[in-house]
Amino acid sequence: MAKTIAGNAPIAVRQAKQAIHKGLQMGLMDGLAFEIEAYNRTIPTQDRREGVLAFNERRSPVFKGK
């Protein structure tokens with residue numbers, strides 16, 4: 000499982016981990032709001048663009064952590 004997670008975009012993985020850890024310490028609505036903020040931080044990244052392009056081109060993505 001760790002290999003699968005490690006193969007994903009580093010920024011997205013970091014944001015997901017933060018959402019999980021901090022979300023457990025909040026109420027539902029605050030946790031959902033934090034999750035949306037975490038997702039929104041991944042939108043402008045080069046890795047997100049690479050992931051979408053790789054999916055559309057049916058190839059494996061090459062993430063750079065940017």
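With numbering that gives the first Met the number 0 as the guide, the letters of the sequence shown map in order to residues 0 to 65. Beta carbons are placed, not taken as given, at the ideal position from N, Cα and C, and that holds for glycine.
For residue i versus residue j, is the C-beta spacing smaller than 8 Å?
i, j, result
"LYS16", "GLN45", "no"
"ARG40", "GLN24", "no"
"GLU34", "ALA53", "no"
Suppose you measure from the CA of residue i to the CA of residue j; what does that come to, to the nearest Å?
i, j, result
"VAL12", "PRO60", "15 Å"
"PRO43", "MET28", "24 Å"
"MET0", "GLY30", "25 Å"
"GLU56", "ALA32", "33 Å"
"LEU22", "TYR38", "The displayed chain sequence assigns Gly, not Leu, to residue 22. Roughly 13 Å between the two C-alpha positions."
With H, G and I counted as helix, E and B as strand and the rest as coil, what does DSSP make of residue i?
i, result
"ALA8", "coil"
"LYS65", "coil"
Check the C-beta distance from residue i over to residue j and give it rounded, since I have them as a contact under 8 Å.
i, j, result
"ILE50", "ALA8", "Sequence inspection shows Gly at residue 50; the Ile mentioned does not correspond to that position. Indeed, because the Cβ distance is near 6 Å, the residues count as touching under 8 Å."
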